[in-house]
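Residue numbers (the numbering used here), protein chains in the order written: chain A, 1 to 426; chain B, 1 to 142.
Every residue, glycine too, gets a C-beta built ideally from N, C-alpha and C.
Owing to the predicted nature of the structure, the values given are computational and were not obtained by experimental measurement.
Report on one structure; see the data block that follows.
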Amino acid sequence: MSPVQRAIESAWRVEAPRLIGGLVRLTRDVGRAEDLAHEALVIALERWPETGIPHNPGAWLMTAARNRGLDALRHDARVAEKHAEIQAVARFSTEPDEAIEVGDDRLRLILIACHPILSVDARVALTLRLLGGLTTDELARAFLVAESTMAQRIVRAKRTLTEARVPFEVPTGTALHDRMPAVLEVIYLIFNEGYWATSGADVVRPALCADALRLGRTLAALVPLAAEVHGLLALMEIQASRMRTRVAADGSPVLLQDQNRARWDHLAIRRGLDALARAEKRAQPLGPYTLQAAIAACHARARSTEATDWWRIVALYDALVEVTGSPVVALNRAVAVSMAAGPEAGLELVDALANGPALQSYPLLITVRGELLARLGRIPEARAELRRAAAATTHLRERERLYARMHALDPSAVDPDPMPGGDFSA
Amino acid sequence: MRVMVIVKASAESEASVMPGEELLTAMGAYNEALMQAGIMLGGEGLKPSSAAKRMIIAGDERRVVDGPFAETKELIAGFWMWEVKSMDEAVEWARRMPSPQSGHTEVDIRPIFSAEDFGEAFTPELQAQEERMREELAKRGS
């Protein structure tokens, strides 16, 4: 690719989300909008090397795509004389671009890509493709599926949207806020895909964190009154601030309490705390993302595990249990209680959860139980629990960590070799 | 990647000529677009160098010089911090900036170092020291 072509492509890439969002408004068809946007790129690649990149490339591309779409529609309408197409021609030729808030087109695209009618997988793929600018190949690598599988997923998602005739108008007020959970879920899922990708062999996966943060910032700018948007952004910023300390040089996970807090990204923490303040100002009561961010902020503010305000964390978990009703959250709350009031109090809560139906063989619960027993000095019981957790987990790294922990608790005991890639290698 | 986008000073910015209504509106719209694209991490405009002080460090010696400073073209009038995917993307966004001054303006786009860029020479000890410093700065700013 020549330098001129590269410059044209990057100009197009910057405009693409708004361009496609605007074209969706006219075509009411995501696939068609994407095609037209690409056709506009082809025209630009023909013309711009001679004319230079225009002063307002976005408007230029929109006009080119519109004219191309209009030609095709007039042709179709002449052939078929279909009412819908004639209407579409009218829409294309009369709607003034200036009347539309620029941000609206971007928001429209986010809402369509994250439409609740689509499966979460489809939403994630479409969002990263249309708003994050990821290619099908990059998406396939990021989500560890074949390129053909990913291509299929995207085609099917676009077809679903067309067939369901989802409305392409941007909702306002309560209707807009009702759509937020489906969007936030997608953004946080993208973030977690990157956050938990420790392999490092392929940079596409960790880069998903940056993609998610960017989407979060975009949404915070577009829907500034939605408290949970700021809450999610705060949560992601604070979690991302620990990125370089949460994995050891050998690739094994490092627990929060063992992380070198001096190496956290304190500028990211500042951005996170700012976003949290915006969320808390707008929300009453606090939503699940804001509560999680507030918990993360307690850790971010503390100089050490001991200096952490565990009672505040317990209170935040109380609220989070109420909002989510999740037993996993209740387990986290038990850990916080053990830090605030001692291991005995924590163990009592964990035992109650272990007797419930939801978490009986949940590896994390067994691990937590083992660690609490260790803190109480009940080493043989603790080791037995950690061994049980190692057998239950499907994460190889985590299993190795558990065996190392067992060994640290009693170096004289002989444990079976963890055998990487053995029976448990799910 | 993070970049710092540095708007160089001009005779106008050094003379503290305030931007007109039109430029303010255009800059507002531009900043809004940066926010909506999700790339904006921060940015500020700087007062002219007549309000500045310069510390000159030579070995153990410290000397303070009051502004204004003569070499206008080397001064900066403002900056942004952006998080972008590539230098190409940064260039594209910088291209969309409204002309910040009536005449000629230079805008530098500088990628920001991250710890990985220092490689082996950046020892864990040095790294810890740098992080402590950064932490102190963040605390003082808050």
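Beta-carbon of residue i versus every beta-carbon of chain B: anything under 7 Å?
{"i": "A:Ser304", "result": "no"}
{"i": "A:Thr218", "result": "yes"}
{"i": "A:Val14", "result": "yes"}
{"i": "A:Ser470", "result": "Lying outside 1 to 426, the shown extent of chain A, residue 470 of chain A is not represented and no answer is given."}
{"i": "A:Gly103", "result": "yes"}
{"i": "A:Ala463", "result": "Outside the displayed range of chain A (1 to 426) lies residue 463 of chain A, so it cannot be described from this structure."}
{"i": "A:Ala99", "result": "With a pLDDT of only 48 at A:Ala99, under 50, the local geometry of the prediction cannot be trusted, and the value read off the model is given with reservation. False, the Cβ-Cβ gap to chain B never drops below 7 Å."}
{"i": "A:Arg214", "result": "yes"}
{"i": "A:Ala221", "result": "yes"}
{"i": "A:Arg25", "result": "no"}
{"i": "A:Arg141", "result": "no"}
{"i": "A:Arg129", "result": "no"}
{"i": "A:Arg388", "result": "no"}
{"i": "A:Arg106", "result": "yes"}
Mark residue i as exposed unless 16 or more other C-beta atoms lie within 10 angstroms of its C-beta, in which case mark it buried.
{"i": "A:Asp250", "result": "exposed"}
{"i": "A:Ser2", "result": "exposed"}
{"i": "B:Thr164", "result": "In the structure as shown, chain B begins at 1 and stops at 142. Residue 164 of chain B is therefore absent and cannot be evaluated."}
{"i": "A:Ala40", "result": "buried"}
{"i": "B:Met18", "result": "exposed"}
{"i": "B:Pro100", "result": "buried"}
{"i": "A:Phe143", "result": "buried"}
{"i": "A:His266", "result": "buried"}
{"i": "A:Pro420", "result": "Note that A:Pro420 scores 48 on pLDDT, short of 50, meaning its location in the model is unreliable; the coordinates nonetheless yield the value given after this. Answer is exposed; the Cβ neighbour count stays below 16."}
{"i": "A:Asn56", "result": "exposed"}
{"i": "A:Gln5", "result": "exposed"}
{"i": "B:Val84", "result": "buried"}
{"i": "B:Glu92", "result": "buried"}
{"i": "A:Leu233", "result": "buried"}
{"i": "A:Gly173", "result": "exposed"}
{"i": "A:Gly346", "result": "buried"}
{"i": "A:Pro363", "result": "buried"}
Who pairs with residue i in a beta bridge, going by DSSP?
{"i": "A:Trp311", "result": "DSSP output for A:Trp311 lists no bridge partner at all."}
{"i": "B:Asp66", "result": "B:Lys53"}
{"i": "B:Asp108", "result": "B:Ile6"}
{"i": "A:Val247", "result": "A:Pro253"}
{"i": "B:Trp82", "result": "B:Val3, B:Met40"}
{"i": "B:Ala58", "result": "B:Glu61"}
{"i": "B:Ile76", "result": "B:Lys8"}
{"i": "B:Gly45", "result": "B:Gly78"}
Does the separation of the CB atoms of residue i and residue j fall below 7 Å?
{"i": "A:Arg123", "j": "A:Val30", "result": "no"}
{"i": "A:Pro116", "j": "A:Ala182", "result": "yes"}
{"i": "A:Val337", "j": "A:Leu349", "result": "yes"}
{"i": "A:Pro327", "j": "A:Leu376", "result": "no"}
{"i": "B:Gly143", "j": "B:Ala52", "result": "Since the first residue shown for chain B is 1 and the last is 142, residue 143 of chain B is missing from the structure and cannot be characterised."}
{"i": "A:Ala37", "j": "A:Ile20", "result": "yes"}
{"i": "A:Leu23", "j": "A:Ala33", "result": "yes"}
{"i": "A:Val14", "j": "A:Asp104", "result": "no"}
{"i": "A:Phe191", "j": "A:Ala221", "result": "no"}
{"i": "A:Leu134", "j": "A:Ala157", "result": "no"}
{"i": "A:Ala389", "j": "A:Leu402", "result": "yes"}
{"i": "A:Ala341", "j": "A:Ser361", "result": "no"}
{"i": "B:Gly42", "j": "B:Met81", "result": "yes"}
{"i": "A:Arg217", "j": "A:Thr245", "result": "no"}
{"i": "B:Ile112", "j": "B:Arg2", "result": "yes"}
{"i": "B:Val5", "j": "B:Ala77", "result": "no"}
{"i": "A:Leu373", "j": "A:Leu365", "result": "no"}
{"i": "A:Leu320", "j": "A:Leu291", "result": "yes"}
Taking Cβ positions only, does residue i come closer than 7 Å to chain A?
{"i": "B:Gly38", "result": "yes"}
{"i": "B:Ala121", "result": "Confidence at B:Ala121 is low in this model, with a pLDDT of 49, below 50, so the placement of that residue should be treated as unreliable; the coordinate-derived value is given next. So no, B:Ala121 is outside the interface."}
{"i": "B:Met35", "result": "yes"}
{"i": "B:Glu22", "result": "no"}
{"i": "B:Glu44", "result": "no"}
{"i": "B:Asp147", "result": "For chain B, the structure presents residues 1 to 142; residue 147 of chain B sits outside this window and is missing."}
{"i": "B:Glu74", "result": "no"}
{"i": "B:Glu14", "result": "no"}
The segment 85 to 95 of chain B / the segment 59 to 74 of chain B touching (three or more Cβ pairs under 8 Å): In short, these stretches do not touch, since the Cβ pair count stays below three.
Meets three-Cβ-pair contact criterion under 8 Å: the segment 282 to 300 of chain A and the segment 218 to 229 of chain A: Segments in contact, yes.
Three-pair Cβ contact test at 8 Å for the segment 237 to 246 of chain A versus the segment 264 to 278 of chain A: The segment 237 to 246 of chain A, when compared against the segment 264 to 278 of chain A, does touch it at the 8 Å Cβ threshold.
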